[in-house]
Amino acid sequence: MSIRVENISFRYGQRTALNAVSFTLQEGGFHLLLGPNGAGKSTLFGLLTRLYALQEGDILLHQQSIRRQPAELMRRLGVVFQQSSLDLDLTVQQNLIYHAALHGISPGRAKPLIAEQLQRMAMPERAHEKVRSLNGGHRRRVEIARALLHSPDILLLDEPTTGLDAQTRRSLNQHVRTLCRDQQITVLWATHLMEEVAADDPVILLHQGRKLMDSSASTMLADSGCQSLEDAFHHFTAGGITA
Amino acid sequence: MTPGSSWHCFQGILLREFLRFIQQRSRFLSSLVRPLLWLIVFAAGFRAALGISIIQPYDTYITYETYIAPGLCCMILLFNGMQGSLSMVYDREMGSMRVMLTSPMPRPFLLFCKMVATAMISMTQVYAFLLLALFVDVEPPLWGYLAVLPALMLVALMLSSLGLLLSAHIRQLENFAGVMNFVIFPMFFISSALYPLWKMQEASEWLYWLCSINPFTHAVELVRFSLYLQLNTEALLITAGATLLFGLLAVIGFQPRKSGR
Numbered sequence: 003m004s005i006r007v008e009n010i011s012f013r014y015g016q017r018t019a020l021n022a023v024s025f026t027l028q029e030g031g032f033h034l035l036l037g038p039n040g041a042g043k044s045t046l047f048g049l050l051t052r053l054y055a056l057q058e059g060d061i062l063l064h065q066q067s068i069r070r071q072p073a074e075l076m077r078r079l080g081v082v083f084q085q086s087s088l089d090l091d092l093t094v095q096q097n098l099i100y101h102a103a104l105h106g107i108s109p110g111r112a113k114p115l116i117a118e119q120l121q122r123m124a125m126p127e128r129a130h131e132k133v134r135s136l137n138g139g140h141r142r143r144v145e146i147a148r149a150l151l152h153s154p155d156i157l158l159l160d161e162p163t164t165g166l167d168a169q170t171r172r173s174l175n176q177h178v179r180t181l182c183r184d185q186q187i188t189v190l191w192a193t194h195l196m197e198e199v200a201a202d203d204p205v206i207l208l209h210q211g212r213k214l215m216d217s218s219a220s221t222m223l224a225d226s227g228c229q230s231l232e233d234a235f236h237h238f239t240a241g242g243i244t245a
Numbered sequence: 155m156t157p158g159s160s161w162h163c164f165q166g167i168l169l170r171e172f173l174r175f176i177q178q179r180s181r182f183l184s185s186l187v188r189p190l191l192w193l194i195v196f197a198a199g200f201r202a203a204l205g206i207s208i209i210q211p212y213d214t215y216i217t218y219e220t221y222i223a224p225g226l227c228c229m230i231l232l233f234n235g236m237q238g239s240l241s242m243v244y245d246r247e248m249g250s251m252r253v254m255l256t257s258p259m260p261r262p263f264l265l266f267c268k269m270v271a272t273a274m275i276s277m278t279q280v281y282a283f284l285l286l287a288l289f290v291d292v293e294p295p296l297w298g299y300l301a302v303l304p305a306l307m308l309v310a311l312m313l314s315s316l317g318l319l320l321s322a323h324i325r326q327l328e329n330f331a332g333v334m335n336f337v338i339f340p341m342f343f344i345s346s347a348l349y350p351l352w353k354m355q356e357a358s359e360w361l362y363w364l365c366s367i368n369p370f371t372h373a374v375e376l377v378r379f380s381l382y383l384q385l386n387t388e389a390l391l392i393t394a395g396a397t398l399l400f401g402l403l404a405v406i407g408f409q410p411r412k413s414g415r
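These protein sequences, in sequence, are chains A and B. With my numbering, letter number 225 in the first sequence gets 227, and the count goes up by one each step, no holes. With my numbering, letter number 246 in the second sequence gets 400, and the count goes up by one each step, no holes.
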């Protein structure tokens, strides 16, 4: 399912957090939302997940505004937040049953779905362990399993690798790419770590609330004239180039 | 949203609250310490100073412990309701509340489920307190324990929605200390929880007037009368009206925000 963000602006009082940002997420694509801290990524996630109401512009699902059908967006959306949002004292399965219930799924229907997701995350034997006993990487996997439990078409991940070591970051990134390819899920992965970007990934680059670029990582590299994506990212976000 | 999916959602929220409650046994115990201290220590000291005549719903002279027990039940609901609501508001940008708000169910329904779940947890604490109160001879009629159940639920919902309303709209109440000083203590002390209203009237007319307009007074009276198998219609109507009003205003405060906090 494609999703279109159309000319959205958002202000916190006098401060503009997003300024006329537009882009489209293509169905089944793995999209990167790049930007340094304060670029407006979290505000954008807040709007997509309905923490904030739209001030200006619109978000369209199949040409339908989410202003009119907010529940439809939430039904089709899976979200992994930047900060962990699992109950540490509950088991993995209890956390997932809770999420399923929030989507109106009974425990009886949820259990095989949970088993399937945990199998996919290569941690079926951890279902009855308390989340507190899992390491950071496994907790993230549980959060991804949770986000996919209700079979969403769109998966939003807000800096999901924060606080993880390099190897876990790489494996998680690879894992979501595989999911995206195998299940045709539209993914928006927010990050400021260029190691998580592949050359042919579609990228949306935000800086100071404005969209600087909406193309591919290789185009970003070519336009910058730099040797690496890391340098290209700094070139655009430190140089103050505007679209 | 179908009745089936709503029911699963409600069940899920309730189950999670109970699982968390079981995990946090120290929270359960500490919530009982406060009212028990009032009941055992404060009441013992006050008993000598405060004579209580026969007042409704009691049909005989009562001990001070018996008088304050309903107020202390409401104190448990007040603390839990405020604490629960405060965490709902400040968790909304992170943690479990944010997960809850990604549900496709209508937000008023989600908030209602959460408040009912919190209320049910609080009620188990109230019943534990009433059980312990038997040891200081607070002995309401047996059926009173059942009759008080809907009253406790209504009061718990009223206090949760008030907490939600206050913390969603008043930025200054950013921590529990603020809520304690500006909401819990004034509500509790300026009510009929510790002293009958006629005693208050003898002391000060304006204090009596303040107590009379405090919804917590009516909540306490509703619980007091129900516990002794009587219906206080005025208290019921005022508590139900306040619950509806606070609930509606709280839901408005929980809609997606037009601006950041």
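Note that beta-carbon positions come from the ideal geometry of N, C-alpha and C, so glycine has one too.
Drop a sphere of 10 angstroms on the beta-carbon of residue i, count the other beta-carbons inside from all chains shown, and report buried for 16 or more, exposed for fewer.
i: residue 312(B); result: buried
i: residue 14(A); result: exposed
i: residue 276(B); result: buried
i: residue 155(B); result: exposed
i: residue 129(B); result: Outside the displayed range of chain B (155 to 415) lies residue 129(B), so it cannot be described from this structure.
i: residue 402(B); result: exposed
i: residue 112(A); result: buried
i: residue 184(A); result: exposed
i: residue 5(A); result: buried
i: residue 242(A); result: For residue 242(A), the predicted model reports a pLDDT of 49, less than 50, meaning its position is unreliable and no value from the coordinates is stated.
i: residue 372(B); result: buried
i: residue 80(A); result: buried
i: residue 230(A); result: exposed
i: residue 114(A); result: exposed
i: residue 400(B); result: buried
Closest to residue i by CA distance: which of the options is it?
i: residue 292(B); options: 400(B), 355(B), 378(B); result: 378(B)
i: residue 266(B); options: 388(B), 161(B), 375(B); result: 161(B)
i: residue 179(A); options: 204(A), 167(A), 164(A); result: 204(A)
i: residue 235(B); options: 279(B), 163(B), 364(B); result: 279(B)
i: residue 91(A); options: 240(B), 178(B), 268(B); result: 178(B)
i: residue 296(B); options: 284(B), 290(B), 307(B), 304(B); result: 284(B)
i: residue 314(B); options: 338(B), 158(B), 164(B); result: 338(B)
i: residue 322(B); options: 221(B), 243(B), 287(B); result: 243(B)
i: residue 143(A); options: 154(A), 156(A), 40(A), 175(A); result: 175(A)
i: residue 163(A); options: 156(A), 150(A), 202(A), 145(A); result: 145(A)
i: residue 33(A); options: 182(A), 240(A), 221(A), 40(A); result: 182(A)
i: residue 133(A); options: 96(A), 77(A), 189(A), 68(A); result: 96(A)
i: residue 52(A); options: 38(A), 40(A), 67(A), 41(A); result: 67(A)
i: residue 350(B); options: 222(B), 399(B), 193(B), 187(B); result: 222(B)
i: residue 394(B); options: 383(B), 370(B), 363(B), 157(B); result: 370(B)
i: residue 298(B); options: 391(B), 168(B), 385(B); result: 385(B)
i: residue 7(A); options: 201(A), 225(A), 206(A); result: 206(A)
i: residue 138(A); options: 239(A), 155(A), 85(A); result: 85(A)
i: residue 174(B); options: 358(B), 364(B), 238(B); result: 238(B)
i: residue 83(A); options: 47(A), 218(A), 77(A), 58(A); result: 47(A)
i: residue 217(B); options: 357(B), 256(B), 258(B), 194(B); result: 194(B)
i: residue 50(A); options: 346(B), 256(B), 340(B); result: 256(B)
Starting from the beta carbon of residue i, find every residue of chain B whose beta carbon is closer than 7 Å, and list them in chain order.
i: residue 51(A); result: 256
i: residue 96(A); result: 173
Using a C-beta to C-beta distance shorter than 7 Å, which residues of chain A count as neighbours of residue i?
i: residue 163(B); result: 103, 104, 106
i: residue 159(B); result: 106
Could you tell me which residues DSSP puts in a beta bridge with residue i?
i: residue 101(A); result: Paired residue(s): none; residue 101(A) is not in a bridge.
i: residue 61(A); result: 7(A)
i: residue 192(A); result: 35(A), 160(A)
i: residue 222(A); result: For residue 222(A), which the question treats as bridged, DSSP gives no partner whatsoever.
i: residue 26(A); result: 6(A)
i: residue 67(A); result: 62(A)
i: residue 80(A); result: 157(A)
i: residue 206(A); result: 35(A), 216(A)
i: residue 12(A); result: 20(A)
i: residue 221(B); result: Its beta-bridge partners do not exist; DSSP assigns none.
i: residue 93(A); result: 132(A)
By the criterion of Cβ-Cβ separation under 8 Å, what are the contact partners of residue i in chain B?
i: residue 23(A); result: Those do not exist, as residue 23(A) stays about 16 Å from chain B at its closest Cβ, beyond 8 Å.
i: residue 99(A); result: 166, 169
i: residue 92(A); result: 170, 173, 174, 177
Can you list the residues of chain B that residue i reaches, using a CB-CB cut of under 9 Å?
i: residue 81(A); result: 252, 253, 256
Name the chain A residues that come within less than 9 Å of residue i, Cβ to Cβ?
i: residue 259(B); result: 73, 76, 104, 105, 106
Scan the stretch 304-361 of chain B and note each continuous alpha helix (DSSP H) run of 4 residues or more that stays entirely inside, going in chain order.
330-333, 339-343, 351-357
Runs of 3 residues minimum, wholly inside the stretch 234-306 of chain B: which ones carry the beta strand (DSSP E) assignment?
none
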